[in-house]
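Residue numbers (our numbering), protein chains in the order written: chain A, 1 to 213; chain B, 214 to 426.
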């Protein structure tokens, strides 16, 4: 008998009669927001805005018409000279961007280049009101994971119809086989001696533009 | 009896026993390319290129990596200063476009503005090898119909996987409820006294970039 068979045999023995049966997973958590938290769609969007702001991100509402000028103004305000974007970002988002050079990301853009830019602009897959979380899945206008992790400033465009109430609602919309990045505010770590260090695992600054329907 | 009832009554009378039965539509045409026309996928793409060129359009093959620089070079070659694009055109297509101003189209862009630009860049929904036709359906990277009709130069990006062999194959891929624009070469009309007038109903010049897989 090999070691592998021996170990598996012990596991089977320990499982006994329970072997092959699925364990019951308690799912007593709330799947949707209660009426006291958000009664209407507008309340869900307002709750998201509030929670994102609580996480020390900047958040602003814009109409679809203003999106191009608002993105340009936000980058000018930070004196950004060079940014990176996913190659499939809608052109209109950057159409007003005079004086800022936007690099279209590709597989050959290296980490040093991403580290040297003044920021990144992306969309998202879904956003969660209750937790103020934005989820990227590498789909349209989001690019690969490095884009939202390496640059120090992340400007993220969230369409109001991408905002759901709760984490279970977000999970229902997402494909678990895609590379998911869950972003709850700017990056902060306290991993070393409990000291609060911003930007340890991602951008130090997160700016969210909610595009109203 | 109203005129309407009278007319409908006559129609019903004329139909007689055939009323309510569906007429048989002969569908004896070929639905796919024969082996003599195109045996492999590469042959389908090559046939498309050949037929588009026959229609007096410029056609070129590019790799996805070169697309941004090829679009820029094509516009520089035409001395284009100002172009218009659908707002959702992938940013990477225009990332190398220095010295050319790209206007993101919106519902308020008027015909005079579209007429004044040096060209338009769009994608397409599907392309047909046998007829050298490109079909736009107003979907992603295509914009509204005016965009591909008013400007005098149209640069159209066709991904190789969007090319099908025949019209029936194209129809099967398209949604008949969308606004479809079928483009077979640059616009030419002979409607007035049989004289050949270029640009009567659309762009005088069509440039096609086929992005190979």
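Ideal placement from N, C-alpha and C gives every residue a C-beta, glycine not left out.
Proximity below 8 Å, CB of residue i to CB of residue j
i, j, result
"residue 375/B", "residue 404/B", "no"
"residue 261/B", "residue 345/B", "yes"
"residue 198/A", "residue 208/A", "no"
"residue 343/B", "residue 398/B", "no"
"residue 89/A", "residue 72/A", "no"
"residue 100/A", "residue 158/A", "no"
"residue 258/B", "residue 373/B", "yes"
"residue 264/B", "residue 382/B", "no"
"residue 415/B", "residue 362/B", "yes"
"residue 275/B", "residue 266/B", "no"
"residue 122/A", "residue 143/A", "yes"
"residue 298/B", "residue 324/B", "no"
Backbone secondary structure at residue i - three-state DSSP
i, result
"residue 88/A", "coil"
"residue 82/A", "strand"
"residue 462/B", "Limits of chain B in this structure are 214 at one end and 426 at the other, which puts residue 462/B out of reach."
"residue 248/B", "coil"
"residue 308/B", "coil"
"residue 368/B", "strand"
"residue 317/B", "strand"
"residue 406/B", "coil"
"residue 269/A", "Only positions 1 to 213 of chain A appear in this structure, which leaves residue 269/A out of reach."
"residue 58/A", "strand"
"residue 25/A", "coil"
"residue 131/A", "coil"
"residue 363/B", "coil"
"residue 401/B", "strand"
"residue 421/B", "strand"
"residue 174/A", "coil"
"residue 339/B", "strand"
"residue 216/B", "helix"
"residue 330/B", "coil"
"residue 416/B", "coil"
Nearest residue (CA-CA) to residue i, options the options
i, options, result
"residue 109/A", "98/A, 83/A and 132/A", "83/A"
"residue 64/A", "281/B, 378/B and 320/B", "320/B"
"residue 124/A", "145/A, 43/A and 104/A", "145/A"
"residue 394/B", "384/B, 347/B and 378/B", "347/B"
"residue 68/A", "168/A, 30/A and 156/A", "156/A"
"residue 291/B", "324/B, 367/B and 423/B", "367/B"
"residue 141/A", "171/A, 92/A, 118/A and 172/A", "92/A"
"residue 81/A", "23/A, 66/A, 120/A and 60/A", "120/A"
"residue 176/A", "195/A, 136/A and 114/A", "136/A"
"residue 329/B", "308/B, 360/B and 300/B", "360/B"
"residue 283/B", "298/B, 245/B, 307/B and 265/B", "307/B"
"residue 76/A", "39/A, 66/A, 26/A and 118/A", "118/A"
"residue 152/A", "178/A, 174/A and 206/A", "206/A"
"residue 56/A", "103/A, 183/A and 105/A", "183/A"
"residue 426/B", "391/B, 255/B and 239/B", "255/B"
Within chain B, partners of residue i - CB distance below 9 Å
i, result
"residue 138/A", "Here the premise fails: no neighbours, minimum Cβ distance about 15 Å."
Chain-ordered chain A contacts of residue i [CB-CB under 9 Å]
i, result
"residue 281/B", "87 and 104"
Closer than 8 Å to chain D by CB, residue i
i, result
"residue 171/A", "Absent from the structure: chain D. Protein chains present are A and B."
Contact test: residue i Cβ vs the ligand PLP heavy atom, cutoff 7 Å
i, result
"residue 359/B", "Questions concerning the ligand PLP fall outside what the structure shown contains, since it holds no ligand whatsoever."
Contact set between the segment 284-318 of chain B and chain A, restricted to residues whose Cβ is under 9 Å from the partner: From the segment 284-318 of chain B, only 298, 299, 300, 301, 302, 303, 304, 305, 306, 307, 308, 309, 315, 316, 317 and 318 have a Cβ closer than 9 Å to chain A.
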